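Let me begin by presenting the structure, written as structure tokens, before commenting on it.
Chains as they are written, first to last, in the numbering used here: chain A, 1 to 439; chain B, 1001 to 1439.
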């Protein structure tokens, strides 16, 4: 279930909401710089953002979740080492190049960390690198080292919003969510719009809290929160080589209840995960699949992912076309692929609250068709505009007008487990964005 | 490896090729009829084709491969029963409605079979039904029964081409492939452009031969041929609820060598499978992934499918953009999901014959980038034209101009098994086709 039900009529209204979310917890500062450089791999120039998230003093209380893709980026390799470091004092994030499988990648990332450490009076192993962008390209290390003092000079302790903006790539808008927890607070920012089907962790997410929490409890809480948020979403079924979630606790405020913190963390993670899908590349509709009656959690999640990753169902939803046969096809494909066989005659499927399949039979008629089409239209974020040049589709708005979704319910009637999975439709804007992303 | 390397400059040239392929083997007749009706489920009228493929006398030598989707259509349910029938005399095929999970679906299909049996002087269980189209809708049985004599009256024993045309739905052109085998011949026709990732069998494929072959040998030969053809392709990763491959042998010509027949069958199946991908919905580029050095066949096939089903790689190929990092991302996602871990540091990846990854490192430079882009351009079937209404993309040609593909090679260096998988890019034409397929 979504924890908020917001709606916005303009970028300005959405911006005002983001500002209410962006107050930095005590003990943190953020800053950024912009770099123009010439990549070694292609002709021409490119632009990169560098963001710094720093603690007033290094903390032993930090938690990381990293991608399971078999080709992890250099920042992921270094992140795994940092997990056993005594303290973390800052994160240095860059866009444009993800530093994955590039020659000398780990050494380049360590040089960037060392430069940030010098500028912030930290030890190099107290700095975590984080990168997003093109795979296979090499970081422009010299330009990044040179820009470090500029980023440090821009640091402030008031708002996380400049950092949320600096880490954006194909995102249309920044994503910021917060929770007040006892005497302190928790704020999270996220980037990511494509190559989104996290496997263990996800895209780039930074969660900052001023509460006083021990490392072990913090890591357990993050495991739990990630499992039911970022691991339950997909924009395009591609698992990034750079997915990263970082949680830092400055410890400047006393913790009254770790339970209260865990709940707040789960809620902020779920809201950010939904923000990521809602702002996914070319997304016109968010699709929420609630699977119940599954024999185990993996099956519940698998059925949900199968539905949101079906290209034909994605396209039907995009066209507000209640072609629910494609929903059934997706469930049926998954059900035939699992080792423990499921009996489709027991399944029931609903969309927009309307029963469309029961006891193995579909129940379609002209009035139901009209109600389903209305449900799809009500969940639409925007309609495509014919492009000026005839080919290049661009989203007409850069804010989320509402938080409604296409609601799908699948009851397998084969057990007690359930899962909620979020995905999205497939549009001309996605094709435009990705048929020539790098140029 | 493709068995042909054809090129065509016009629909007329392609048509001339199809005619060379279309001669019917001895002992077969085909015919068709067109039906206009009002579906019960939506407002308005719809059109359906009915095709008949009949034997001069019923044969015990037939083989069927049927979808593994957990929601099989009524024709699949009946097809499983027919497998143990003594003889088959005809197949009745309809488009527009796939008769899947519709109330009374099996009874409706049996009524259509009975009508065909009456018109052809067969027993009802000697007729196999086959349907493709919208899931969940009910067949217009009365209109189909009424049209049966029209279809029978149109039957002829010369060319399979009218049947290949009658079974088309979103296909841009008919697909016909043949082989001469000793004293006889084998001809195959196929339909299917979307909802294509066969699981065991595929779409609708009808293979007719006049050779004298026993049922058991025929079924073994079909198992073998399907495994390395239709089970190795994907247009959009959606496994249809109606996939069907039928092989009928009239026995009118003596068989000199079953080995020769098996080879011919495998070749015709591979050629038809490639035809289906090349004419897949919105396909601009066929992508051929050759995976070697795998520990087992499932892994080889899994890696190939992961590459061709990656939306981001599909979009990059569509834009002739050599964003090969997305290829690596797709391989890395699959490699992290298998139970037997693979070591990505051993992999090598090539595109268009160019080495792009070795020993865990990418090798990108500006000249390689240009060669990769040239390879993508050379495999392009057509470029999108800006649509007249600003939104509705239609393929500008309805024939395959050439048989070139984007050639990807992945060597896992972890064993002896290999597999070749065919897939395609993702385009604006696919979105247009599927955002409102039914209307």
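For each residue, glycine too, the CB sits at the ideal point set by N, CA and C. Values in this document were obtained by computation on a predicted structure and should not be read as measured data.
- Bridge pairing for residue 1130(B): 1093(B) [DSSP].
- In the displayed model, residue 1388(B) falls within coil according to three-state DSSP, outside both helix and strand.
- If the five residues before and after residue 89(A) are omitted, its C-beta is found closer than 7 Å to the C-beta atoms of 54, 55, 58, 120, 122, 126 and 127, all from its own chain and listed in chain order.
- Within the region 1308-1367 of chain B, the complete alpha helix (DSSP H) segments of 4 residues or longer fall at 1311-1318 and 1325-1337, listed in chain order.
- With 16 or more other Cβ atoms inside 10 Å of its own Cβ, residue 1116(B) counts as buried.
- Chain A has no Cβ within less than 9 Å of the Cβ of residue 1276(B).
- Residues of the region 1280-1311 of chain B with a C-beta less than 7 Å from any C-beta of chain A: 1310 and 1311, listed in chain order.
- In the structure shown, residue 1431(B) falls within a helical segment according to DSSP collapsed to helix, strand and coil.
- The closest CA to that of residue 1161(B), considering only 1153(B), 1189(B) and 1148(B), is found on 1189(B).
- Distance from the Cα of residue 1399(B) is smallest, within the candidate group 1175(B), 1063(B), 1234(B) and 1042(B), for 1175(B).
- Closer than 9 Å to the CB of residue 245(A) there is not a single CB belonging to chain B.
- With contacts defined as CB atoms closer than 9 Å, residue 406(A) and residue 285(A) qualify as a contacting pair.
- The contact set of residue 76(A) on chain B, defined by CB atoms closer than 7 Å, is empty, because the minimum CB distance reaches about 11 Å.
- Of all residues in the region 1367-1390 of chain B, only 1369, 1384, 1386, 1387, 1389 and 1390 come within less than 8 Å of chain A when Cβ atoms are compared, listed by chain position.
- Chain-ordered, the chain B residues with CB closer than 8 Å to the CB of residue 328(A) read 1071, 1100, 1101, 1135, 1136 and 1241.
- Residues of chain B whose Cβ lies closer than 9 Å to the Cβ of residue 427(A) are, in chain order, 1431 and 1435.
- When 170(A), 5(A) and 215(A) are compared, the shortest CA-CA separation from residue 48(A) is found for 170(A).
- Taking the C-beta atoms as reference points, residue 1328(B) is found no nearer than 9 Å to residue 41(A).
- Assigned with DSSP and collapsed to three states, residue 1243(B) falls in coil, not helix or strand.
- Annotation: residue 1177(B) has no Cβ neighbours in chain A at a cutoff of 8 Å; minimum Cβ distance is about 26 Å.
- Here residue 1099(B) carries a coil assignment [DSSP, helix/strand/coil].
- Residue environment for residue 1043(B): exposed (fewer than 16 other C-beta atoms within 10 angstroms of its C-beta).
- With a threshold of 9 Å between beta carbons, residue 171(A) makes no contact with chain B.
- Residues of chain A with a Cβ closer than 7 Å to the Cβ of residue 1362(B) are, in chain order, 101, 102 and 136.
- Within the region 224-302 of chain A, the complete alpha helix (DSSP H) runs of at least 4 residues fall at 258-278.
- The CB of residue 325(A) comes closer than 7 Å to the CB of 1100, 1134, 1135 and 1136 in chain B, given here in chain order.
- Leaving aside the five residues that flank residue 342(A) on each side, the residues in its chain whose CB is nearer than 7 Å to its CB run, in chain order, 335, 412 and 414.
- For the pair residue 1267(B) and residue 1179(B), the CB atoms are nearer than the 9 Å cut-off.
- Across the set 1099(B), 1384(B) and 1182(B), the C-alpha of 1384(B) shows the shortest separation from the C-alpha of residue 1430(B).
- For residue 1144(B), the enclosing alpha helix (DSSP H) covers residues 1141-1153.
- In the structure shown, residue 68(A) falls within a coil segment according to DSSP collapsed to helix, strand and coil.
- When CB distances to chain A are screened at a threshold of 8 Å, the residues of the region 1341-1355 of chain B falling below it are 1342 and 1344, in chain order.
- Comparing alpha carbon positions, the residue from 1067(B), 1136(B), 1409(B) and 1207(B) closest to residue 323(A) is 1136(B).
- Contact with chain A is absent for residue 1113(B), since none of that chain's Cβ atoms lies less than 9 Å from the residue's Cβ.
- In this structure, the straight-line span from the alpha carbon of residue 352(A) to that of residue 1096(B) is close to 26 Å.
- In the assembly as shown, residue 69(A) is a buried residue. Its beta-carbon has 16 or more other beta-carbons within 10 Å.
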